[in-house]
Every structure is written in structure tokens, then in C-alpha cells.
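**Q** Order-wise, the sequence lines are chains U and X.
Reading the first sequence from the start, the letters are residues 112 to 320 in this note's numbering.
Reading the second sequence from the start, the letters are residues 117 to 628 in this note's numbering.
Note that CB positions come from ideal geometry on N, CA and C, so glycine has one too.
All of these numbers come straight from a predicted model, not from anything done at the bench.
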Amino acid sequence: VLQPFGALGGHVYNNRYIKPSQDVLMSELELIEACIQHDRKAQKMLYEQYNRKLFVVSMRYARSRADAEDILQDSFVKIFQNLDKFRNDCPLDGWLRRIVANTALKFYSRKMHQTPIDDIENHYETVSDTEFTTSQYNFKELLGLIQQLPLRCQMVFNLYAIEGYQHNEIAEMLEISEGTSKSQYARAKQTLQKMLTGKQSAVTKEAYV
Amino acid sequence: MSEMNKDFEKSFEAQWQEAFDGAELSPRSDLWDSIETQLASSSPTVEGGRQGLFWFYIVFVWFLGIFFIQKTSRVVAEKNNFASQTNKAQATVLPTSAVLQTPNIPENISVQQASRNAPTQTMGVQIRANLPTQYLPTPAVEVHHRANLPTQTYLPNPPQGTPKEEKEEGKQGGWFGRKAGERIMKHMKKLIKKAIKTPSKENAVESLTPLAMRALPASVMSKREINYVAYVEPSKDKRYIPKPFWVGIQRGIAIASPKLDIRYEAYLADYAAAHQLQDNADLTNFFTETDDRYRYSLANQADIRFGYQFTPRWQFSAGLQYRVEFLEQTTNAFFVNYYDYSRHSFLIDILEGNIENPNFAQAVVNHPTYRSNGDNTFTMSQFNQQSLIHLSSQFEYIGIPMQVGYTLRPFRKLGFVLLGSAQVDKLIRSATSSYELRDDVATTYKLNTATKLSTWSWQIGGGIQAEYKYNEHWGLTVAGIASQNIKPIKENKYVIVRPRGLQVNVGAKYMF
Numbered sequence: 112v113l114q115p116f117g118a119l120g121g122h123v124y125n126n127r128y129i130k131p132s133q134d135v136l137m138s139e140l141e142l143i144e145a146c147i148q149h150d151r152k153a154q155k156m157l158y159e160q161y162n163r164k165l166f167v168v169s170m171r172y173a174r175s176r177a178d179a180e181d182i183l184q185d186s187f188v189k190i191f192q193n194l195d196k197f198r199n200d201c202p203l204d205g206w207l208r209r210i211v212a213n214t215a216l217k218f219y220s221r222k223m224h225q226t227p228i229d230d231i232e233n234h235y236e237t238v239s240d241t242e243f244t245t246s247q248y249n250f251k252e253l254l255g256l257i258q259q260l261p262l263r264c265q266m267v268f269n270l271y272a273i274e275g276y277q278h279n280e281i282a283e284m285l286e287i288s289e290g291t292s293k294s295q296y297a298r299a300k301q302t303l304q305k306m307l308t309g310k311q312s313a314v315t316k317e318a319y320v
Numbered sequence: 117m118s119e120m121n122k123d124f125e126k127s128f129e130a131q132w133q134e135a136f137d138g139a140e141l142s143p144r145s146d147l148w149d150s151i152e153t154q155l156a157s158s159s160p161t162v163e164g165g166r167q168g169l170f171w172f173y174i175v176f177v178w179f180l181g182i183f184f185i186q187k188t189s190r191v192v193a194e195k196n197n198f199a200s201q202t203n204k205a206q207a208t209v210l211p212t213s214a215v216l217q218t219p220n221i222p223e224n225i226s227v228q229q230a231s232r233n234a235p236t237q238t239m240g241v242q243i244r245a246n247l248p249t250q251y252l253p254t255p256a257v258e259v260h261h262r263a264n265l266p267t268q269t270y271l272p273n274p275p276q277g278t279p280k281e282e283k284e285e286g287k288q289g290g291w292f293g294r295k296a297g298e299r300i301m302k303h304m305k306k307l308i309k310k311a312i313k314t315p316s317k318e319n320a321v322e323s324l325t326p327l328a329m330r331a332l333p334a335s336v337m338s339k340r341e342i343n344y345v346a347y348v349e350p351s352k353d354k355r356y357i358p359k360p361f362w363v364g365i366q367r368g369i370a371i372a373s374p375k376l377d378i379r380y381e382a383y384l385a386d387y388a389a390a391h392q393l394q395d396n397a398d399l400t401n402f403f404t405e406t407d408d409r410y411r412y413s414l415a416n417q418a419d420i421r422f423g424y425q426f427t428p429r430w431q432f433s434a435g436l437q438y439r440v441e442f443l444e445q446t447t448n449a450f451f452v453n454y455y456d457y458s459r460h461s462f463l464i465d466i467l468e469g470n471i472e473n474p475n476f477a478q479a480v481v482n483h484p485t486y487r488s489n490g491d492n493t494f495t496m497s498q499f500n501q502q503s504l505i506h507l508s509s510q511f512e513y514i515g516i517p518m519q520v521g522y523t524l525r526p527f528r529k530l531g532f533v534l535l536g537s538a539q540v541d542k543l544i545r546s547a548t549s550s551y552e553l554r555d556d557v558a559t560t561y562k563l564n565t566a567t568k569l570s571t572w573s574w575q576i577g578g579g580i581q582a583e584y585k586y587n588e589h590w591g592l593t594v595a596g597i598a599s600q601n602i603k604p605i606k607e608n609k610y611v612i613v614r615p616r617g618l619q620v621n622v623g624a625k626y627m628f
């Protein structure tokens, strides 16, 4: 039930009435609207609501925790600057995750371009899906494994396996060919399967980067 | 183990997705501070500027209101909460104006019940209301009613004397009695009831009426002037926030009705020369009547415009225009409908053979309308009636159009801009493809000339532009503008062009 505006003591910003974030429990739409109006308290509310989930996303793409925090910081700045473009036709958290992913890709884009593409056919040596399981690992351990993947493999793996992008979309995002995307994914999958099944006990990232 | 079997059945991707589903990790605790610092340093200045304009407007309106008001009380009427409004109506008089608060109350009414000492004999009610469909914040309709009252001032408290005493005081031109006060009060109630016509139940104006009624007696009887100001603001989700800058392209046509002033003296001078008449021939009244048979000009134009929206209402734009104008005019040039040529010495000279132009003299005499008066004068009617000036020209301009616009936005997507325009044009090329004098004018006098005109011209005008906001950045515009040339284009020595026309432009604009 909407309370009378006067009782809430809201304020006007940019010709719009902003409800005070501390007085009422805001709906997501109200929170977004207040963030668009640069209401710092609302922005902090949004940050507090999503920072831990988005940090996991950032960590998946990052090579280190410090990088992940930088990516998260850049992502939130982008989020607040572009929140007015959020069309509300998809879940907010999905939109936020995409921003984090894109920020991470941009963060590592130069490094990725400096890394020669190594999509040799022998990376297609696949292992059956049913030969391993992730259930015995917690997500922090899995994060560690993902971070050990070569940089481009890591990006492709995140985008394909976890975010659910198709290879043609990934190819466009990373400015690589679709075949490269597939081979990088196969390589990532193979490496992870080896790590998970204990066939390959330790893979250092230096070996690939 | 059974769990592992289940996992085996899941795809590789599904397992990973599930592993990270709902996972949370905390970043460093001071990360928000870094984000906040970065946000503060990159906050858009336009927003701030716009906010500044908004508050400037509010303060301006407030200042206008407070200028005449010494004491004010504030009543906030909530659409869904009449009870709280009633309580507030009885609150103490406050030195703040309700105008300041009004934009905070979308779709609701803010009432300013103001009072001041009334040194004069006026008493009035002001009501100002927004059009409920406006998506911009300025009040759009103001209803003002002021009733003149008798010259007597009002007692702070009505005298408690006998009716007789009151009557005597009234005769002396002194104080109003209680009955007079009651009459005024009754009158004011009537006025307010009349003025606060409830447009709809939604805007809650109706609910103000009892408040106004309640406020009246004390105010009237304490020699106060009362002003009620009420207006409706669009709710926040209905407001239209325009982008400040835009660039637009326009493509249009202009239809003009150019008035060609025929400079007959120049024409006649040439006519006389062509017929070897004397240079000093008096041709002043040779042409007595002209009429335009038809005339039009059609211009094809393309613009690029750059605009700036100063406020949600006011905008300015300027740009460059290339325009090609085709002009065609045919005149009926009646040399003479009925005229006594005896007053024209040159014709007498012709008849007397003083001018070496036997062919022309013979032509005059042979004309079917020639009537000799027998005394060296003659009369002709409808002489040279069929002579025409047919003109077909093409002008090319580079123009600088400038427009000031005031925006009305009754719909969120569709708005209307009232335009005032001024344009300076530089004629860069022109050609008269056909210039023809027919009938009695010698065929050798047909002209096909190209005239170089180095004239600047100015036109002013006004019109309206419909603007459809397709999305956040793109808009489509259709504008109609009526314009008038304030400085004529000198076409050549026979005619002066004064276009007055209507232009229609269709365009697209990109707002950023």
C-alpha cells in the first residue's frame, strides 16, 4: 500500500519524486528508479543486495581476487551509470551478471589479444560427461580450478558452460572464430575433467598463459 | 554414492551451473567506498544543471507567490487521505509557501491558503491547475477570480453593537457590521464554489471545497485577502524528461505565394526603348491596372539542425539549410482598360510623326479599340489587354534557420512544440529560365536571361511541430511553419519577389 508522500518525507531530484530508501521497503522497481536518480542510499542498497553474488561472477572471470575486485568495482560504476537502460524485460540479476561478464571481458581483452590462439584439433579429446561429478567440491574449489584455466579457455568456459551463451555469440564477444570458441571450450572442458577426475592433479596456469 | 550417480546423469554444463547457483563471496569491505568515490567524480553535470533549473523555477514561482503574501498557511490535500488534510488545515500559519511542496505531490492538490493584510478593497480567489494530461511540470491553466468589495475595510472583530448602531456606522462609511461580513462570506463561498469546479474526482479538487469554506470566516473577518492556489502535477512516472542536446535532419517542401511587384516604369522604359520612343516619354500612367493570373513557388529543402533543450519546455535550435525554389508567375498586365491617351504627349508625338516610329503609330491607329477624338487626341479601350509577363525562375539558397520552441506534451510519446522561427538566406544561384512579354510586345523582346542575385534575405515565421519520441534517443518530427520574407529578394529590374509561404518539414532527431 502506498503511503502518503508527505509522511515519507521524500525529496525531488531531477523533477522526479524520490521516496526515501531508509523509510520503506523498496520494491525492485522503486530501487532501480531511485538508483537512476543517483540516490546514493538506494545505490548502496542495490550494491549490498547483489555484491556477493556478482563477486562470484567476477571471480569466475578473473585471474586473481584483486582483479575480481577491480572488475566488480568497474561493473558497479557501469551498472549505476547505465541502469536507466535496463528495460525490465529480463531479471535484474541476469542483467547485472551480463554487465560483470562484459566488464571482465573488457578488462582482459588486451591480454587475450596478446595471447596467441592455440586451437589445435587434439584438444578435442573429450571425456565423457558421466565420468566425473562436481558435487564433491565446493564452489570455492571449483573457482580455483576455473582460474587455473588458460585465460581464453576460462572466458569461453564461463560464457558457454555457466552463462549459457552459444558459440557464435561467444565468437562475436571475444572477436574470435566460432571454431576457436568450440576448441577453447573443449580444451577447458578436458582440462577441468582431468583435474576433477584426478587424472591431472595439478595444472599450473603458467603452463598455458 | 547415489548422489554421485545423480550427478553423473547431469550434463557437464548443468553440474557447473548448479555448483555456482546461489554462490556468494564477499569482496573487500571498503569496495563500496571506492565505487562511491568513482560515482561522485563521474556524476553527470547535465543532471545537476537540470536540477538547478528546476529549483530555479520553483524558487521563482515561490518568490512570485510570496512577494504579495505576508502570512501563509499550508494545507496539503491528499487524494486518498482526506482526514490528514483536515487536520493540517487547522494548523498554525507557517511562513513557507505550499508552492514549494507542490511538485512533490503528484496527482494531488496542494492548496496555498494565503492571507495578508488587505489595505485595499479587493478580495479574491486564485485557482491554478495543471492540465492533467501534461507530462511536463509547469502549471498550464490558471483560473483567477477577483471580486471587488466596497471601499470599507473590515474589522478584525465585528462590532458587537446593536443593529441600529451598526446601521449608523455603515452610514458613516465606517466599519462593516457582522451582517455585511456574513454577506461577504456568503459571496466568497459562492465564488469559490464556482471557481473550484471539480474537473474530476481523481485530482481531489473537490475535497478542497470544505477546507476553503472553513478557512473563510476567520480570514474575511480579520481583514485579510485570501488567495487559493491549486494545481495538479503529473506523477513521476508520467513525467517526460527530455534529453538536452539533439542533432536532427529535416527534409521538407515550402509552398509560397510570391508576390511579384511589377516595376512597370522599368518595363515601360524598356518598352519605349524597344520601340525607339523618346527617352523622356511620360509613361507614368501607361499601365493602370494589373492582376496576377497565377503565381506559386515550390521549394525543396533539406536541413541539418542542432538543438538544445534549456528546460523541459524551452528549446532552441539552429542549423544549415539548402533550398531550391522554383518560382513561376504569370501576370495579366492590362495596359489600359479605358484610357484617354490625349494626355500622353508621346502618343501625340507619335501621331504627329515627331517620333520616328511609324510602325508603332500605325499599330495604335489600327488597333480595334482606337477611337480618334478628332482633336489630336484619341481613346483606346482595353489596349494591350493580352500582354503578360510570364516568369519562371529557380533560386538556390543556403540558409541558417533558427528556432525557439515551447514544448507542450499532452502525451508521453507525442509532444507538440510551438515554434518561432527566423531564417537568413543567402541566394547562391538563380536563373530566370523564361521571361516573356507577349502579344503586343515585339517578339525580339523575349528574354532568356540568367540573373545573378547577391542578396541576403530574411524571413520570420511561426508554426507548430509534432514530435514523436520513438525511443530514448530517436525522435520523429513533422513541422509546419508559416513564414514571411521581411527583406525582399530583388529578382531583376522588373519585379521584386516577396515570398510568403508555408513549409512542411519531416525529420528525424537524435537526442543525446
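Note down, in chain order, every chain U residue with its Cβ under 8 Å from the Cβ of residue 144 (chain X).
**A** Here the neighbours are 180.
**Q** Within this structure, are the beta carbons of residue 141 (chain X) and residue 166 (chain U) separated by less than 7 Å?
**A** Against a cut-off of 7 Å, the Cβ pair of residue 166 (chain U) and residue 141 (chain X) comes out as a contact.
**Q** So is residue 190 (chain U) buried or exposed if we call it buried at 16+ other beta carbons inside 10 Å?
**A** Buried, since its Cβ has 16 or more Cβ neighbours within 10 Å.
**Q** Examine chain U for any beta-carbon lying closer than 7 Å to the beta-carbon of residue 427 (chain X), and answer yes or no.
**A** Output row for residue 427 (chain X): interface = no.
**Q** Using a C-beta to C-beta distance shorter than 9 Å, which residues of chain U count as neighbours of residue 147 (chain X)?
**A** Within 9 Å Cβ-Cβ: 158, 162, 166, 180, 183, 184, 187.
**Q** Does residue 260 (chain U) come out as helix, strand or coil in the three-state DSSP assignment?
**A** DSSP places residue 260 (chain U) in coil when its eight states are reduced to three.
**Q** At which residues does the beta strand (DSSP E) containing residue 621 (chain X) begin and terminate?
**A** Its beta strand (DSSP E) spans residues 616-627.
**Q** Express the C-alpha separation of residue 513 (chain X) and residue 545 (chain X) in angstroms, rounding to a whole number.
**A** So the two alpha carbons sit approximately 7 Å from each other.
**Q** Who are the near neighbours of residue 212 (chain U) in its chain, counting only those whose CB is closer than 8 Å to its CB and skipping five residues on each side?
**A** For residue 212 (chain U), where only same-chain residues beyond five positions count, the Cβ hits under 8 Å are 168, 172, 269, 270, 274.
**Q** CB-CB under 6 Å to residue 436 (chain X), same chain, minus the five flanking residues each way: which ones, in chain order?
**A** Excluding residues within five positions, the ones whose Cβ falls inside 6 Å are 420.
**Q** Using DSSP's beta-bridge definition, name the partner residues of residue 523 (chain X).
**A** Residue 523 (chain X) pairs with X:533.
**Q** For the stretch 581-593 of chain X, which residues have a beta carbon sitting closer than 9 Å to at least one beta carbon of chain U?
**A** If the cut-off is 9 Å between Cβ atoms, the stretch 581-593 of chain X has 588 near chain U.
**Q** If you measure from the beta carbon of residue 135 (chain X) to each beta carbon in chain U, is any gap under 7 Å?
**A** Yes, because at least one Cβ of chain U sits closer than 7 Å to the Cβ of residue 135 (chain X).
**Q** Looking at C-beta atoms only, is the number of pairs between the stretch 531-544 of chain X and the stretch 576-596 of chain X that lie closer than 8 Å three or more?
**A** At 8 Å Cβ cutoff, the stretches touch.
**Q** Are any of the Cβ atoms in chain U nearer than 7 Å to that of residue 130 (chain X)?
**A** No, its Cβ sits nowhere closer than 7 Å to a Cβ of chain U.
**Q** Among the candidates U:293, U:306, U:148, U:251, whose CA atom is the shortest distance from the CA of residue 196 (chain U)?
**A** Of the listed residues, the one whose Cα sits closest to residue 196 (chain U) is U:148.
**Q** Can you name the residues of chain X whose CB is closer than 7 Å to the CB of residue 170 (chain U)?
**A** The contacting residues are 141.
**Q** For the beta strand (DSSP E) containing residue 599 (chain X), name the first residue and the last one.
**A** That run of the beta strand (DSSP E) goes 590-601.
**Q** Which residues share a DSSP beta bridge with residue 433 (chain X)?
**A** According to DSSP, residue 433 (chain X) bridges with X:423, X:519.
**Q** State yes or no: is the beta carbon of residue 260 (chain U) nearer than 7 Å to at least one beta carbon in chain X?
**A** By this cut-off, residue 260 (chain U) is not an interface position.
**Q** For residue 218 (chain U) and chain X, any beta-carbon pair shorter than 7 Å?
**A** So no, residue 218 (chain U) is outside the interface.
**Q** What does residue 416 (chain X) pair with, by DSSP beta-bridge criteria?
**A** Note: residue 416 (chain X) sits in a beta bridge opposite X:369, X:440.
**Q** Listing by chain order, which chain U residues have their CB less than 7 Å from the CB of residue 524 (chain X)?
**A** Chain U residues near residue 524 (chain X): none, gap ~16 Å exceeds 7 Å.
**Q** Per DSSP, residue 361 (chain X) forms a beta bridge with which residues?
**A** Paired residues: X:424.
**Q** Thinking residue 598 (chain X) and residue 623 (chain X) are a contact (beta carbons under 8 Å), I'd like their distance in whole angstroms, please.
**A** Between residue 623 (chain X) and residue 598 (chain X) the Cβ distance is about 18 Å, and since that is not below 8 Å, they are no contact.
**Q** Check the Cβ-Cβ distances between residue 240 (chain U) and every residue of chain X, and say whether any is below 7 Å.
**A** Legend: pLDDT at residue 240 (chain U) = 47, less than 50; position of this residue unreliable, no value from coordinates given.
**Q** Can you look up residue 577 (chain X) in the DSSP assignment and give me helix, strand or coil?
**A** The answer is strand: DSSP assigns residue 577 (chain X) an E or B state.
**Q** Where does residue 273 (chain U) sit, in a helix, a strand or coil, going by DSSP?
**A** Of the three classes helix, strand and coil, the one that applies to residue 273 (chain U) here is helix, per DSSP.
**Q** Measuring alpha carbon to alpha carbon, tell me which residue in X:361, X:137, X:511, X:535 is nearest residue 522 (chain X).
**A** Of X:361, X:137, X:511, X:535, the residue nearest in Cα terms is X:535.
**Q** Can you tell me which of U:222, U:266, U:198, U:207 puts its alpha carbon nearest to the alpha carbon of residue 588 (chain X)?
**A** The option with the nearest alpha carbon to residue 588 (chain X) is U:198.
**Q** Measuring alpha carbon to alpha carbon, tell me which of U:139, U:260, U:218 ends up nearest residue 202 (chain U).
**A** Comparing Cα-Cα distances from residue 202 (chain U) to each of U:139, U:260, U:218, the minimum goes to U:139.
**Q** Residues in the same chain with beta-carbon distance under 6 Å from residue 292 (chain U), minus the five sequence neighbours each way, listed in chain order, please.
**A** 267, 278, 281, 282, listed in sequence order.
**Q** Contact criterion: CB-CB distance below 7 Å. Does residue 431 (chain X) meet it with respect to chain U?
**A** So no, residue 431 (chain X) is outside the interface.
**Q** Could you pull the DSSP bridge partners for residue 184 (chain U) from this structure?
**A** Paired residues: none, contrary to the question.
**Q** Over the uninterrupted alpha helix (DSSP H) stretch that includes residue 304 (chain U), give me the two end residues.
**A** 289-308 is the span of the alpha helix (DSSP H), which, as asked, contains residue 304 (chain U).
**Q** With 7 Å as the threshold, decide whether the Cβ of residue 210 (chain U) is near any Cβ in chain X.
**A** It does not; no Cβ of chain X falls within 7 Å.
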